[in-house]
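Asks: In our numbering, the protein residues as written are 515 to 922.
If you want it as structure tokens, here you go:
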């Protein structure tokens, strides 16, 4: 089974694909490592990029979840989504006799895993929070997939497919609420929430502007994940525990952009912060090394000010997750709402995003460099032109060439 072929089959030809799945052996390890673990990374990773790197906005303001909090939420959401699918399979199996079906845990797991395909892929819309509602449409299609596969694989009479599906859906909603509640524990609240392409493309017209999805990059990522799944399958057949562990790590790395567990040192990031921005003196700075929390991250930030004019600069290297930031380049577009203008585009291999208020009260420019390092300049009571000038004082090319070191 090839990952991309199965995904296309279950989405485009669900009835025929469910029939094929019914006759396949229920290999738990293969279902998880070769399929679910890869697809589950999509909503977790895209959610992190959308909330922490691109940001959320509305009603005249925009905000981003701090990177470290976003990373923690990403990891927790990823793990809980895997657990949630497994628990859902247990529920499907337990309910089977109540609806005239036959209990079979392997079949139940196949139903839970493959029915979740559309919902998992819909997580890509989290890259741009404004399009997150489209993820709900994908989730609804997963309900249809569940409706088709449930009676077939669990041997339930077709006449009882609707009530069987309805009960499972209720359980799935409850699981989703529980997972969201647990994940929210790792998200900041209140003021902390603010935080201190070469192939074919799909263009989506929205009331607030255009959004471009770089399908070439999506296809490239899909091929990497498919290759990772193949290695996982070979490792499983070998029966070598160490080889399976290594393959699992390689699969996760592929799903997350192929980056190694290394980051640029905080001292090097701090050195990139200008001592002065024009007439604005540096009033404070902070550095953070994620090694203490077990996360391969480095961050340096500084604040500059003169009266009511305030500028904040942050330089973040997300280490093992750093290359994930480049996925933001899959989504390009622009929009205007409530006096706020935003634009995301590619330039010289970098992903750039600016946001500014027409009244001059705030402006922001963010650059995702070729190596995944993210540089952000935020300003209050200064125009975008000044912010662009401040970004010009940072040697972005030097940051792209900084060596990474292993996290201890």
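Backbone N, C-alpha and C define an ideal beta-carbon position, used for all residues, glycine too.
Compare the Cα-Cα distances from residue 890 to each of 599, 648, 879 and report the closest residue.
Replies: The residue labelled residue 890 in the question sits at position 376 within the chain shown. Of the candidates 599, 648, 879, the one whose C-alpha sits nearest the C-alpha of residue 890 is 879.
Asks: What alpha helix (DSSP H) runs, 4 residues minimum, are completely inside the segment 856–906?
Replies: Correct list: 898–906.
Asks: Residues in its own chain within less than 7 Å of residue 982 by CB, not counting five upstream and five downstream?
Replies: Because the chain spans 515 through 922 in this model, residue 982 falls outside it and cannot be assessed.
Asks: CB residue 896 to CB residue 868, shorter than 8 Å?
Replies: Position 382 of the chain shown, counted from the first residue, corresponds to residue 896. Position 354 of the chain shown, counted from the first residue, corresponds to residue 868. Cβ distance not < 8 Å, so residue 896 and residue 868 don't count as in contact.
Asks: Using three-state DSSP, classify residue 787 as helix, strand or coil.
Replies: Counting from 1 along the chain shown, the entry for residue 787 is found at position 273. Residue 787 falls in the coil class under three-state DSSP.
Asks: Shortest alpha-carbon distance to residue 522 belongs to which of 553, 546, 544, 536?
Replies: The residue you call residue 522 lines up with position 8 of the chain shown. The residue with the shortest Cα to Cα distance from residue 522 is 553.
Asks: Do residue 670 and residue 620 have their C-beta atoms within less than 8 Å of each other?
Replies: The count along the chain shown starts at 1 and reaches residue 670 at position 156. The count along the chain shown starts at 1 and reaches residue 620 at position 106. Taking 8 Å as the Cβ cut-off, residue 670 and residue 620 do not qualify as a contacting pair.
Asks: Going by C-alpha to C-alpha distance, which of 813, 638, 864 sits closest to residue 783?
Replies: If you number the chain shown from 1, residue 783 lands on position 269. Nearest C-alpha to residue 783: 813.
Asks: Could you compute how far the alpha carbon of residue 773 sits from the alpha carbon of residue 802?
Replies: By 1-based counting over the chain shown, the position of residue 773 is 259. By 1-based counting over the chain shown, the position of residue 802 is 288. The predicted position of residue 773 is uncertain, since its pLDDT is 47 and thus under 50; no value can be drawn from it.
Asks: Quick one: residues in its chain with C-beta nearer than 8 Å to the C-beta of residue 542, no 5 flanking neighbours on either side, listed in chain order?
Replies: Start at 1 with the first residue of the chain shown, and residue 542 comes out as number 28. 620, 623.
Asks: Applying the criterion that 16 or more other CB atoms from any shown protein chain within 10 Å of the CB defines a buried residue, is residue 876 buried or exposed?
Replies: Locating residue 876 in the chain shown gives position 362, where the first residue counts as 1. Looking at its Cβ environment, which holds 16 or more other Cβ atoms inside 10 Å, residue 876 is buried.
Asks: Since residue 561 is in the beta strand (DSSP E), which residue starts that stretch and which ends it?
Replies: By 1-based counting over the chain shown, the position of residue 561 is 47. Where residue 561 is concerned, there is no enclosing beta strand (DSSP E), although the alpha helix (DSSP H) it sits in stretches over 555–562.
Asks: Rounding to the nearest angstrom, what Cα-Cα distance links residue 647 and residue 873 in this structure?
Replies: As a working note, residue 647 is residue 133 in the chain shown. As a working note, residue 873 is residue 359 in the chain shown. Cα-Cα distance, rounded: 29 Å.
Asks: Counting C-beta neighbours from all protein chains within 10 Å, is the total for residue 822 16 or more, i.e. buried, or is it exposed?
Replies: Position 308 of the chain shown, counting from 1, holds the residue named residue 822. With fewer than 16 other Cβ atoms within 10 Å, it is exposed.
Asks: Compute the Euclidean distance between the alpha carbons of residue 596 and residue 550, then round it to the nearest angstrom.
Replies: Locating residue 596 in the chain shown gives position 82, counting from the first residue. Locating residue 550 in the chain shown gives position 36, counting from the first residue. Their backbone Cα atoms lie some 7 Å apart in a straight line.
Asks: Using a Cβ-Cβ distance under 8 Å, would residue 785 count as near chain C?
Replies: Of the protein chains in the structure, only one exists, and it is not chain C.
Asks: Below 7 Å CB to CB, which residues in the same chain sit around residue 657 once its five sequence neighbours on both sides are set aside?
Replies: Counting from one through the chain shown, the residue named residue 657 turns up at place 143. So the list reads 683, once near-sequence residues are dropped.
Asks: Applying the criterion that 16 or more other CB atoms from any shown protein chain within 10 Å of the CB defines a buried residue, is residue 900 buried or exposed?
Replies: Stepping through the chain shown from its first residue, residue 900 is reached at position 386. So residue 900 counts as buried.
Asks: So, using beta-carbon positions, are residue 888 and residue 864 closer together than 8 Å?
Replies: Start at 1 with the first residue of the chain shown, and residue 888 comes out as number 374. Start at 1 with the first residue of the chain shown, and residue 864 comes out as number 350. It is not a contact, given that the beta carbons lie outside the stated cut-off.
Asks: For residue 527, which three-state DSSP category applies?
Replies: The residue you call residue 527 lines up with position 13 of the chain shown. Looking at residue 527 - three-state DSSP - the assignment turns out to be coil, as it is neither helix nor strand.
Asks: Figure out for me which residue from 631, 603, 546, 638 has the closest Cα to the Cα of residue 685.
Replies: The residue you call residue 685 lines up with position 171 of the chain shown. Minimum Cα distance to residue 685 is reached at 603.
Asks: Could you give the first and the last residue of the continuous alpha helix (DSSP H) run that contains residue 666?
Replies: On the chain shown, residue 666 is found 152 positions in, with the first residue counted as 1. Its alpha helix (DSSP H) spans residues 647–667.
Asks: Confirm, please, whether the CB-CB distance from residue 815 to residue 795 is below 8 Å.
Replies: Translated into positions along the chain shown, residue 795 becomes position 281. Translated into positions along the chain shown, residue 815 becomes position 301. The answer is no: Cβ separation not under 8 Å.
Asks: Would residue 906 be called buried (16 or more neighbouring beta carbons within 10 Å of its own) or exposed?
Replies: Within the chain shown, numbered from 1, the residue matching residue 906 stands at position 392. Exposed, by the Cβ-count rule.
Asks: Find the nearest neighbour of residue 529 within the set 854, 858, 628, 638, judged by alpha-carbon distance.
Replies: Counted from its first residue, the chain shown places residue 529 at position 15. Measuring from the Cα of residue 529, the nearest candidate turns out to be 628.
Asks: Please go through the same chain and pick out, in chain order, the residues whose beta-carbon is closer than 7 Å to the beta-carbon of residue 672, but skip the five residues on each side of it.
Replies: As a working note, residue 672 is residue 158 in the chain shown. Result list for residue 672: 665, in chain order.
Asks: According to DSSP, is residue 617 part of a helix, a strand, or is it coil?
Replies: Position 103 of the chain shown, counted from the start, is the residue given in the question as residue 617. DSSP places residue 617 in coil when its eight states are reduced to three.
Asks: With distances taken from CA atoms, which of 688, 653, 668 is nearest residue 536?
Replies: Residue mapping note: residue 536 aligns to position 22 of the chain shown, counting from 1. Nearest of 688, 653, 668 to residue 536, Cα basis: 668.
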